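J.: Residue numbers (this note's numbering): 65 to 742.
Following this line, the structure appears as structure tokens:
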């Protein structure tokens, strides 16, 4: 094959934008722990014009709006080379990235609308990563390997999982998929290019009290792998690209100690995930570490170490033709043949009451509990008044789900949820990547993989390695099994197209697999094209106004100085007169907010040893009154840091008024005093 890899920054604004994932309007960005990247991999057949592009981006999920804008840019750059057929865009599902990049109304509520700078930085980052991969194509070989990851996940809805038939559960040793699949890419000259790992775990080691933008456990795994392979480079630099992509993680949590009541410390591992005092709002899962930062590192390290082992031992070569199949489908109206006599249908999208309960990884608001198959007259009445009552048809279709929001019947100012959804498979020789538009639970994913594999087998394409790539192309929440759906925990309440959603997807993906096996992808109907709403910028974010430094101070001046000396495992900390970090994101696409610099006695110069992409640095922004704000930079000095003299630097931009109608953005910088590490 010809193989190309690329990585580009897609962080965007790190202040004032709500973070995407926990749907908690209070959880607004206020700084940066680690940068977000888009990682692109292109595999091409040197003989034909066939290509496959796989992108894993450090974002909550890929939205339809995001995909449509990326495809638009690719079309204008490359013509027909890259399009909806052969480009897979997958989100890692970090819950600590900026939101606001959606066109459907439901997602505006917690994201404060459509935030153009957030959307643009993700679109541009994805396109740039593909550009870099495209420009660096070289002859290479691919190898696949798989292995088991221990101590890194639990099923967060075990009571739903137990609803699946016992005969089916007996075939599996665990209620989560512990298998990691690694695709290794090496140049013909033996030069290492990169890898993609697929593994099912929610990147929610950082909980909903976090305000620092970061890529969570899977991002930390990427960081460790890339740091190891790109020796001597700063984080985010170097040619080796390591993606830790999402899979069927619907009911899988990294918070391995399980759910406890925050107030009493007792377990709340019950069907309602509820506590005796305080109800569901008190039931929170804990990670393996003492705090969320440590848990993120522990899980990330586990993933990295297993991927490294699988990468080093990978010997099964992937060969064979490239192929891709894609369709747009109206998921609110699919007829599914369950058997010769029985046909069922999917429904218009709707969310159930338990959607509002959230999960043990991020609890919901008010007093909703998981597993409610009855509505609540109080909330139903409020809903009927505000949003209108669901139609009888939708209520009947979604049974036993009590509907909280009938999003498929809500169209103001735009539809609240998608009807048109992408289904897609890309085959690279013996590897079939199923790009799914949401979060399949463990058992849903197993059923889908098995169905697709047997479809390939029955058409003479034996021995396919089938992997699920999650959160691709458009976000449609969760996909549970029919049995799990009956008990209406969070994942089931968020299975928006009704009880037969999984069966519909299985039917559709079988169709794609058959087309690939029979070499008939050209004959697949394209399906109805998704809408592109004319929303340019509709946001409740505060506007960027003129900023001030306190009296007798300038931007970048130190307010609280570092100590004179530190030891390893201590925290060096400095506070500056700061400015809104959004100014930087909206002016420079790849702005670095901070550096850690070491003084060299040999050259008598300062050398950058870390940037803001490092997981050892933290950048905090806090807004004061009268247009003033502070920036605090922390360096958590790791064990093994070279002794010597260091300093911390800050780079920002502030808004300055130059006339009645015109403001300009002015760059500035600040530096701490020198300090010693002893």
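Quick reminder that beta carbons are idealized off the backbone N, C-alpha and C, glycines included. For clarity, every value in this text was computed on a predicted model and none was experimentally measured.
1) Under a three-way DSSP split, which group does residue 690 fall into?
2) Measure the C-alpha to C-alpha separation of residue 619 and residue 732 and round it to an integer number of angstroms.
3) Return the chain-ordered ranges of every beta strand (DSSP E) run that is complete within the stretch 565-632 and spans a minimum of 3 residues.
4) Is the beta carbon of residue 204 closer than 8 angstroms to that of residue 250?
5) Would the stretch 521-531 and the stretch 494-509 be scored as touching if the rule is three or more Cβ pairs under 8 angstroms?
6) May I ask you to report which of helix, strand or coil DSSP gives residue 647?
7) Taking residue 249 as part of the beta strand (DSSP E), name the residues at either end of that continuous run.
8) What are the boundary residues of the alpha helix (DSSP H) that residue 293 is part of?
9) Run through DSSP, which three-state label would residue 219 get?
10) Using a Cβ-Cβ cutoff of less than 7 angstroms, which residues in the same chain neighbour residue 52 once the five nearest sequence positions on both sides are dropped?
11) Under the rule that 16 or more other beta-carbon atoms within 10 Å means buried, what is residue 280, buried or exposed?
12) Alpha carbon to alpha carbon, how far is residue 218 from residue 638? Give it in angstroms, no decimals.
13) My output table needs one value for residue 641: the three-state DSSP class, helix, strand or coil.
14) Count Cβ pairs between the stretch 511-518 and the stretch 555-574 that sit closer than 8 angstroms; are there 3 or more?
15) Could you tell me whether the stretch 206-217 touches the stretch 236-255, using the rule of 3 or more Cβ pairs below 8 angstroms?
16) What are the boundary residues of the alpha helix (DSSP H) that residue 181 is part of?
17) Can you name, in chain order, every residue of its own chain whose Cβ lies under 6 angstroms from the Cβ of residue 702, other than the five neighbours on each side?
18) Given residue 462, which residues of its chain have a CB within under 6 angstroms of its CB, disregarding the five upstream and five downstream residues?
19) I believe residue 488 touches residue 628 by the beta-carbon criterion, under 8 angstroms. Please report the beta-carbon distance rounded to the nearest angstrom.
20) To the nearest angstrom, how far is the alpha carbon of residue 485 from that of residue 626?
21) In chain order, what residues of the same chain lie with their CB nearer than 7 angstroms to the CB of residue 591, ignoring the 5 residues before and after it?
22) Would you identify the three-state DSSP class for residue 83, choosing helix, strand or coil?
23) What are the boundary residues of the alpha helix (DSSP H) that includes residue 709?
24) Out of 423, 697, 180, 65, point me to the one whose CA is closest to residue 252's CA.
25) Report the CB separation of residue 126 from residue 153 in whole angstroms; it is logged as a contact under 8 angstroms.
26) Can you list, in chain order, the residues of its chain whose CB lies under 8 angstroms from that of residue 506, leaving out five sequence neighbours each side?
27) Assuming residue 438 and residue 455 are in contact, meaning their beta carbons sit under 8 angstroms apart, how far apart are those beta carbons, in whole angstroms?
28) Helix or strand or just coil, what does DSSP make of residue 518?
29) Between residue 660 and residue 614, what straight-line distance do the alpha-carbon atoms span, to the nearest angstrom?
30) Spatial neighbours of residue 524 within its chain, please: C-beta separation below 7 angstroms, excluding the five flanking residues on both sides.
31) Does the separation of the CB atoms of residue 269 and residue 196 fall below 8 angstroms?
32) Take residue 402 and list the residues in its own chain whose beta-carbon comes closer than 7 angstroms to its own, dropping the five residues that flank it on each side.
33) Identify every run of the alpha helix (DSSP H) within the stretch 422-497, keeping only runs that are complete inside it and at least 4 residues long; order them along the chain.
34) For residue 323 versus residue 331, is the C-beta distance shorter than 8 angstroms?
35) Just how far apart, CA to CA, sit residue 636 and residue 648?
36) Identify which residue in 555, 444, 162 has its Cα closest to the Cα of residue 178.
T.: Working from what's here:
1) coil
2) 7 angstroms
3) 622-624
4) yes
5) yes
6) helix
7) 243-251
8) 280-293
9) strand
10) Summary: the structure shown does not reach residue 52, with the chain confined to residues 65 through 742, and so no result is reported for it.
11) buried
12) 39 angstroms
13) strand
14) yes
15) yes
16) 180-199
17) 680
18) 411, 414, 562
19) Rounded, the Cβ-Cβ distance is 58 angstroms, inconsistent with contact.
20) 52 angstroms
21) 391, 392, 393
22) strand
23) Residue 709 -> not in any alpha helix (DSSP H); beta strand (DSSP E) instead, spanning 708-721.
24) 65
25) 5 angstroms
26) 219, 225, 239, 240, 241, 264, 312, 314, 315, 316
27) Wrong, their Cβ atoms sit about 19 angstroms apart, outside the cutoff.
28) helix
29) 26 angstroms
30) 581
31) no
32) 408, 567
33) 441-451, 456-462
34) yes
35) 24 angstroms
36) 162
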